[in-house]
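One structure is given below, encoded as structure tokens.
Residue numbers (full-length UniProt numbering): 1 to 169.
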């Protein structure tokens, strides 16, 4: 990290290139660049998206990178047009408490969103024609469900983990 400060941005970008092409170990790369002054100095606010009433806990880009989905303590899921920096639509997730994760299911044309919450539920939001969204409970944990992960390449398989110590598929 010290070397990156002395030598400037060229070395930081060389490190990124080496990581992308394989010769740099992920752990060492993260350690060297995690607080590289040259990169931190380049950070700036890109956009401010106003649409939630409470704190936002999760954001997720679709695979094309043009839609951003966010979930909040207000229980809402918001779809954003990332390129225009505008809200497309929002819906009530059906959760009774804070939304912790929202994941867009692959190969769903961005119409299937799985969410998890402090209420212990894992829910599916299906975006229908006309912007209406149907939601239903897919499963429960005892206690909050903090994380979701989608099985790569699968439009139907995801995993949830909760405070009950279980990982569910």
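For every residue, glycine included, the Cβ atom is placed at its ideal position computed from N, Cα and C. The model shown is predicted, which means the values in this text are computed figures rather than measured ones.
Residue 134 counts as exposed, since fewer than 16 other C-beta atoms from the protein chains shown sit within 10 angstroms of its C-beta.
Assigned with DSSP and collapsed to three states, residue 68 falls in strand. Closest by C-alpha distance to residue 114, out of 148, 28 and 61, is 148. Of all C-beta pairs linking the segment 82-90 to the segment 98-108, fewer than three are shorter than 8 Å, placing the two stretches out of contact. Comparing alpha carbon positions, the residue from 71, 122, 126 and 82 closest to residue 64 is 82. Residue 24 and residue 41 have their alpha carbons spaced roughly 23 Å apart.
Counting C-beta pairs with one atom in each stretch, the segment 153-169 and the segment 123-137 have fewer than three that are closer than 8 Å, which means they do not touch.
Secondary structure of residue 107 (DSSP, three-state): coil.
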